[in-house]
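Structure, as structure tokens:
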Amino acid sequence: MKPYTVGLTGGIGSGKSAVAALFAGLGVDVVDTDEIAHELTRPGGEAIAPIRSAFGDQAITRGGALDRAAMRKLAFGDARARNRLEAILHPMIRAESSRRLERAAGPYAILVIPLLVESGVDRSRTPRVLVVDCPEASQLERVMRRSGLPEAEVRAILAAQATRAQRLAAADDVIDNGGAPQALEGQVARLHEKYLTLARESTV
Numbered sequence: 278m279k280p281y282t283v284g285l286t287g288g289i290g291s292g293k294s295a296v297a298a299l300f301a302g303l304g305v306d307v308v309d310t311d312e313i314a315h316e317l318t319r320p321g322g323e324a325i326a327p328i329r330s331a332f333g334d335q336a337i338t339r340g341g342a343l344d345r346a347a348m349r350k351l352a353f354g355d356a357r358a359r360n361r362l363e364a365i366l367h368p369m370i371r372a373e374s375s376r377r378l379e380r381a382a383g384p385y386a387i388l389v390i391p392l393l394v395e396s397g398v399d400r401s402r403t404p405r406v407l408v409v410d411c412p413e414a415s416q417l418e419r420v421m422r423r424s425g426l427p428e429a430e431v432r433a434i435l436a437a438q439a440t441r442a443q444r445l446a447a448a449d450d451v452i453d454n455g456g457a458p459q460a461l462e463g464q465v466a467r468l469h470e471k472y473l474t475l476a477r478e479s480t481v
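Heads up, the sequence shown is in this note's numbering, so the first residue is 278 and it goes up one at a time.
Set out below in structure tokens:
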């Protein structure tokens with residue numbers, strides 16, 4: 278039986294991973310769809326053969342993994358290519374994340390879905406939506422610093438994602454990550470208590 282599930286989302290560079298790590302530190306099971314995507318696209322991963330078939334050898338590195346840089350340029354420059362890639366990956370990611378949620382031991386679990394709002398919120402799967410929010414300028418600065426990508430490429434990624442307003446409109450809860458990293462801990466602790474209560478109520 279799947280636990281009560283909170284869908285955690287936010288734009289690139291918003292701090293989803295930091296928030297997820299804090300929940301994990303409280304003993305909450307965290308299922309990260311980005312991690313699953315990386316597993317599916319590493320050498321020998323389940324998605325490599327269909328990606329090679331759809332996009333050719335140029336989409337795969339010599340080592341046999343998805344060429345993420347080449348695919349990112351293609352996918353963010355061509356909506357049809359992005360849709361084809363998502364049609365391969367999303368069903369695989371959904372199936373594996375469901376398996377992991379089934380194994381979750383706690384009263385509730387966190388399901389990290391970066392494109393939750395873009396793909397449409399399925400309340401039967403994630404009855405609660407938690408958005409990690411920060412100003413776009415902070416997203417730009419963080420992503421450029423950690424990835425080394427040029428500003429134009431980061432802006433293209435941001436443009437392909439839901440707007441800040443769209444994510445906030447879909448949120449049941451919001452974590453403000455526009456300030457110091459230390460400010461996250463108290464927000465996560467309060468939400469943890471709230472989700473424990475909601476999980477208990479959902480089983481009554």
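Think of the CB as a built atom: it goes at the ideal place given N, C-alpha and C, for glycine as much as any other residue.
Could you pull out every residue in the same chain whose Cβ sits closer than 8 Å to the Cβ of residue i, ignoring the five residues on either side in sequence?
i           : result
residue 443 : 394
residue 364 : none
residue 289 : 391, 416, 420, 431, 434, 435, 438
residue 398 : 284, 406, 447
Kindly list the residues whose CB is nearer than 6 Å to the CB of residue i, restricted to its own chain and excluding five residues on each side of it in sequence; keep chain order.
i           : result
residue 287 : 293, 408, 409
residue 306 : 381, 383, 386
In the DSSP assignment, what are the bridge partners of residue i?
i           : result
residue 325 : Note: residue 325 sits in no beta bridge, so no partner.
residue 284 : 388, 406
residue 309 : 389
What do you get for residue i, buried or exposed, if any count of 16 or more other CB atoms within 10 angstroms of its CB means buried?
i           : result
residue 456 : exposed
residue 277 : In the structure as shown, the chain begins at 278 and stops at 481. Residue 277 is therefore absent and cannot be evaluated.
residue 405 : buried
residue 355 : exposed
residue 401 : exposed
residue 445 : exposed
residue 414 : exposed
So residue i and residue j are supposed to be a Cβ contact under 8 Å. How far apart are they, rounded?
i           : j           : result
residue 412 : residue 280 : About 33 Å; that fails the 8 Å criterion.
residue 403 : residue 283 : 7 Å
residue 465 : residue 299 : 4 Å
residue 239 : residue 320 : Past the boundaries of the shown model lies residue 239; the chain is included only from 278 to 481, so the question cannot be answered.
Quick check on residue i: does DSSP put it in helix, strand or coil?
i           : result
residue 445 : helix
residue 468 : helix
residue 450 : strand
residue 434 : helix
residue 337 : strand
residue 343 : strand
Strictly under 8 Å for the Cβ-Cβ distance: is residue i near chain D by that measure?
i           : result
residue 346 : Absent from the structure: chain D. Only one protein chain is present.
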